[in-house]
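There are 4 protein chains.
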Amino acid sequence: MNKTSLQLHFESLRSNRIFELFVVMVIIFSALMVGAKTYNMPKEALIAVKWLDVLITVIFLFEITVRFIGEEVKRNFFKSGWNIFDSLVVIVSLVPIEGSEMALVGRLIRIFRVLRMISIIPELRLLINSLMKALPQLGYVVLLMFIIFYIYAAIGSTIFAAINPILWGDISISMLTLFRVMTFEDWTDVMYETMEVHPLSWLYFLSFIFLTTFAFLNMVIGIIVSVMEEEHTREREERDAREGKITIEDLHQQIRELKALIQKS
Amino acid sequence: MNKTSLQLHFESLRSNRIFELFVVMVIIFSALMVGAKTYNMPKEALIAVKWLDVLITVIFLFEITVRFIGEEVKRNFFKSGWNIFDSLVVIVSLVPIEGSEMALVGRLIRIFRVLRMISIIPELRLLINSLMKALPQLGYVVLLMFIIFYIYAAIGSTIFAAINPILWGDISISMLTLFRVMTFEDWTDVMYETMEVHPLSWLYFLSFIFLTTFAFLNMVIGIIVSVMEEEHTREREERDAREGKITIEDLHQQIRELKALIQKS
Amino acid sequence: MNKTSLQLHFESLRSNRIFELFVVMVIIFSALMVGAKTYNMPKEALIAVKWLDVLITVIFLFEITVRFIGEEVKRNFFKSGWNIFDSLVVIVSLVPIEGSEMALVGRLIRIFRVLRMISIIPELRLLINSLMKALPQLGYVVLLMFIIFYIYAAIGSTIFAAINPILWGDISISMLTLFRVMTFEDWTDVMYETMEVHPLSWLYFLSFIFLTTFAFLNMVIGIIVSVMEEEHTREREERDAREGKITIEDLHQQIRELKALIQKS
Amino acid sequence: MNKTSLQLHFESLRSNRIFELFVVMVIIFSALMVGAKTYNMPKEALIAVKWLDVLITVIFLFEITVRFIGEEVKRNFFKSGWNIFDSLVVIVSLVPIEGSEMALVGRLIRIFRVLRMISIIPELRLLINSLMKALPQLGYVVLLMFIIFYIYAAIGSTIFAAINPILWGDISISMLTLFRVMTFEDWTDVMYETMEVHPLSWLYFLSFIFLTTFAFLNMVIGIIVSVMEEEHTREREERDAREGKITIEDLHQQIRELKALIQKS
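Residue numbers (our numbering), protein chains in the order written: chain A, 1 to 265; chain B, 266 to 530; chain C, 531 to 795; chain D, 796 to 1060.
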């Protein structure tokens, strides 16, 4: 009985506007601290930062506990990916960190706290969810792109490895070089170098640029069309709902019945 | 009584075609003078420019006064952001400027006079207004982009600061470097430098490029879809108005009434 | 009488398939010769090229004469911009050219003959015409872009001229530098240089990039939307034509008349 | 009789799920081996790779034979471009390769085996087919682009050849340089060099960039519009099919008949 009252208490706290605002403030503050730590700071400030870090960790731990206890059915808490993400970030911050190597990891984990900005603002969560939904339809174009990259990288490291092993040494380095070519970043330097040995190698680079640009364009156009079609379907359904789903077909049926009536009379 | 006649006089002057044309001419002339001042000019020309500057200021002051007095309800004058903008530009030009430091500021203010081109041409004002309307819907994507930049900049300045403090010294410099990476401007130079110390840092750069490109694409597609949807709604409303807002639903109702009539008879 | 028969003869020649094909062949051949001339050629080839040039000029002159005489109403010939363009190219090729300076101009004029490829292929003419139609709606966005460039160039040459006169010397050089920044071509080199003197000048570059990217995006989206709307209107008109332009409004009128009939009976 | 039973046996094997999966595995394995070969490997690994290569060739040969014999009508086998492609890749791998020059060719052919990834995954085959369908409508814009490139390259190699023969030596090198300018890759370096001799040459570069960007944009927009229109037509046909193809026209006809009936009675 005592436990249930505690849960109710936490449930009301969880949906309390002031508590929510307070958590957002703490997240923004922790984000600012992450930024502040990248500047050179006097010794006293460093100590202050350390204690503020502990304070933020405690507040985050408290908040996640409130949310967990406030949840009526405990299993539902772990059904939301955002809850799991928040819990992970908080729990990892608890691990004590010593030594220079580990300190870096600790600082990196603290940076990921900024991601809580996304989990706390519903509009950003919606945006991320809708971006995620767009990913699967990209699947096969991305696979095709990868195959193009893989084949060109294999050809590149076979023919050009002797010319410049830093750029074409093996297939993974070649893929990085090809990504560079795709972004047009000093790609002519790469090409001119190979053209000195293989004068026709511009064919390799131009065909690669055309293929990837074409595939990329198709990906973009694919997304535009599918998003607009979705929008269109949604709109038509809305209109159908508004107009009571009566189609021209129905009207036709009605008029035929009318005709039958008159012919009978 | 005298004042009202003055106001009427100014009101008619304000909407006079020749007066309007004259003001546009003066604005274009002042824009050309702004350009001319960036060239080396003989001493006499400089004096001429100085007096022309005074003349333009006087004409602008006269024009803004005409527009202000010509306005029947004085409060409406300040309701238009463009009026406030014009007044500010003219008033600031009046401040006397001496000394070399201030001279620069004076010249910069004179440059902003060119913006009056936008406030004087109605089509450009419309264009700016419609661009402004597109901004709020970008809000959350821009916030998301900023969070991505912030997290990557924090990671970057934590790991890479020791490698190249000019590019990764603190979080604000790192954000500028990341913007550079996003525009693909010599981004491989930045990456190759960090890869010498951390061979896996290409993961950092490639994931950043994918994330920002994906978010940017989504922003663009979002604008396209929303603009087209708007266009679509506007068009449907026009069609509804043209067709007298009679829906299939109405027809159905009519036929049912008809049936009832026949059955009765 | 003699003249009319000549005209008829030329009219039939003009629309003769073999004559048309022959002209296309000559145009392609003259285009190939333009390309060939850029390579080092032995002396004999140069003489051959010179005579072939004369031959092509004669053929073009003959073709344009055929087309002119073949036209029934002479004024109509000059109503087509493509005819005027063709005539100009042919006439200018007739001017005898001596001296090294003039020789360059002569070669350049011969290059423009390649443009006859566009005027001879109807599909390309259509494409160009439709591209031309898209231009006017860009008008005000281009004007806005120009104002943005002008203001930023004026600011740039005022503040940065002392730092690097080659990039920021006067307003026209500054506009070229800004165009370079807009294409992201080594723009950070330009920025880092100014940031050494004015550490806040990144604001100038970033705001410029955001403004122009935003205006450019709006231009692109504007074209997409207007093209699609046009397509949409055309399609709806087609459907209206197919369905006999009977609207729901008409049906409603019919049913009302029907009702009146029954109520009378 | 014996042969037919063999064919039936192979036909069932061809559509066997486990056999299909096995072939996909072998293709992925051969792709990984292509990648592995770009790394430095110990001598024993090289021998293993050689024998694995032979094994893969045998498996591929077996698979293509199964598919060929499994086909009832032999001519249909060669009607599919994918079958021909697969056969070619397998047959070419059979040619024995000796000597260093040939070894390179052999390795390149083995790389093309990775393309079998596309022919084996039906979704990728669909994607490629739909990309191919988009190509013809690009035809005339690509031709226009080529003419623009050709004319600018001819002008460029006429005027700038003396300044930098490496970039502007003849028309084909000039076209490569112009493609580089189109990708904005260090294009200002190319321009600044020519501007030292011909100060107005920025007109050449800027007009080229505007023309190609404009043509490219139109190509992209053209694809978007045509894809969406196609989608739209497909959707309308679906709706027509769903609604039994009864148009407002039909309704109108029905009501007129109804009217005639009543007037008669």
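Virtual Cβ for every residue (Gly too), placed ideally from N, Cα, C.
Please read these numbers as outputs of a predicted model, since none were measured by experiment.
Boundaries of the alpha helix (DSSP H) in which ARG67/A is found, first to last residue: The continuous alpha helix (DSSP H) containing ARG67/A extends over residues 43-70.
ILE59/A to THR718/C span [Cα, whole Å]: Rounded to whole angstroms, the separation of the alpha carbons of THR718/C and ILE59/A is 42 Å.
CB contact check: VAL755/C to chain B, cutoff 8 Å: With 8 Å as the cut-off, VAL755/C counts as an interface residue toward chain B.
Option nearest GLY830/D by Cα separation, candidates VAL818/D, ASP848/D, SER925/D: For the residues VAL818/D, ASP848/D, SER925/D, the minimum Cα distance to GLY830/D belongs to ASP848/D.
Secondary structure of GLU715/C, DSSP reduced to three states: Correct three-state label for GLU715/C: coil.
Beta carbon of ILE689/C nearer than 8 Å to that of HIS728/C: Contact: yes.
Nearest-angstrom Cα separation, counted from PHE22/A out to MET1/A: With a pLDDT of 44 at MET1/A, under the threshold of 50, the predicted position of this residue should be treated as unreliable, though the coordinate-derived value follows. Here the C-alpha atom of MET1/A lies approximately 30 Å from the C-alpha atom of PHE22/A.
Own chain residues within Cβ distance below 7 Å of PHE10/A, not counting five before or after: Here the set comprises VAL66, ILE69, GLY70.
Chain D contacts from the segment 563-582 of chain C (Cβ-Cβ distance under 9 Å): Closer than 9 Å at the C-beta level to chain D, one finds these residues of the segment 563-582 of chain C: VAL564, GLY565, ALA566, LYS567, THR568, TYR569, ASN570.
Ordered list of alpha helix (DSSP H) runs contained in the segment 596-668 of chain C, each at least 4 residues: Counting whole runs of 4 or more residues, the segment 596-668 of chain C contains the alpha helix (DSSP H) stretches 604-609, 611-624, 630-642, 646-650, 652-664.
Integer Cβ distance of LEU922/D from TYR140/A, believed to fall under 8 Å: Rounded to whole angstroms, the Cβ separation of LEU922/D and TYR140/A is 6 Å, and the two are in contact under 8 Å.
Below-8 Å beta-carbon distance, TRP187/A vs any chain D residue: The beta carbon of TRP187/A falls within 8 Å of a beta carbon belonging to chain D, placing the residue at that interface.
Proximity of LEU396/B and LEU781/C at Cβ, strictly below 8 Å: Cβ distance not < 8 Å, so LEU396/B and LEU781/C don't count as in contact.
Cβ neighbour criterion (16 or more within 10 Å) applied to GLU715/C: Under the 10 Å beta carbon count, GLU715/C is surrounded by 16 or more other beta carbons and is classified as buried.
Straight-line Cα distance separating ILE148/A from GLU1025/D: Roughly 28 Å separates the two Cα atoms.
Inter-residue Cα distance where the pair is ILE915/D and LEU217/A: When rounded, the distance between both Cα atoms is 24 Å.
Simplified DSSP assignment, three categories, for LYS37/A: Residue state, collapsed to three classes: coil.
Inter-residue Cα distance where the pair is SER472/B and ALA31/A: Straight through space, the alpha carbons of ALA31/A and SER472/B are spaced by roughly 21 Å.
Whole-angstrom distance between VAL227/A and HIS762/C, CA atom to CA atom: Near 18 Å, if we compare the C-alpha coordinates of VAL227/A and HIS762/C.
Proximity of VAL821/D and LYS832/D at Cβ, strictly below 8 Å: With respect to the 8 Å criterion, VAL821/D and LYS832/D are not classified as neighbours on the basis of their beta carbons.
Contact set for MET117/A: own chain, Cβ-Cβ below 8 Å, skip 5 residues either direction: Once the five neighbours on either side are set aside, the close Cβ partners of MET117/A are ILE27, ILE28, ALA31, LEU124.
Cutoff 8 Å: ILE859/D Cβ touching any chain A Cβ: Chain A, which has no Cβ nearer than 8 Å to the Cβ of ILE859/D, makes this no.
Where ALA745/C falls: helix, strand or coil (DSSP): Note: ALA745/C maps to helix in three-state DSSP.
Rounded C-alpha distance that separates ARG1051/D from LYS609/C: Looking at the two C-alpha atoms, the distance is approximately 51 Å.
Buried/exposed call for ALA418/B, threshold 16 Cβ in 10 Å: Under this definition ALA418/B is a buried residue.
Cβ-Cβ distance between VAL885/D and ILE904/D below 8 Å: Going by C-beta atoms, VAL885/D is not nearer than 8 Å to ILE904/D.
Reduced DSSP category for HIS762/C - H, G, I as helix; E, B as strand; rest coil: Correct three-state label for HIS762/C: helix.
Contact with chain B by GLN667/C, beta-carbon distance below 8 Å: With 8 Å as the cut-off, GLN667/C does not count as an interface residue toward chain B.
Distance, ILE221/A Cα to MET571/C Cα: If you take the alpha carbons of MET571/C and ILE221/A, they lie about 47 Å apart.
Beta-carbon neighbours of ASN83/A, restricted to chain D and to distances below 7 Å: Per Cβ cutoff of 7 Å: no residues; ASN83/A is ~35 Å from chain D at best.
Close beta carbons around ILE813/D, own chain, < 8 Å, minus the five adjacent residues each side: Only residues of its own chain outside the window of five on either side were considered, and among them none has a CB closer than 8 Å to the CB of ILE813/D.
Residue burial classification, ALA972/D (beta-carbon count within 10 angstroms, cutoff 16): The question names Ala, yet the displayed sequence has Thr at residue 972/D. Burial is judged here by how many other beta carbons sit within 10 angstroms of a residue's own beta carbon; THR972/D has at least 16 and is buried.
Presumed contact (8 Å Cβ cut-off) between THR194/A and SER201/A, rounded CB distance: Rounded, the Cβ-Cβ distance is 4 Å, consistent with contact.
Proximity of MET456/B and PHE470/B at Cβ, strictly below 8 Å: Closer than 8 Å, so yes.
DSSP-derived helix/strand/coil call for SER280/B: Three-state DSSP puts SER280/B in coil, outside helix and strand.
Enclosing alpha helix (DSSP H) for LEU697/C [first to last residue]: For LEU697/C, the enclosing alpha helix (DSSP H) begins and ends at 695-698.
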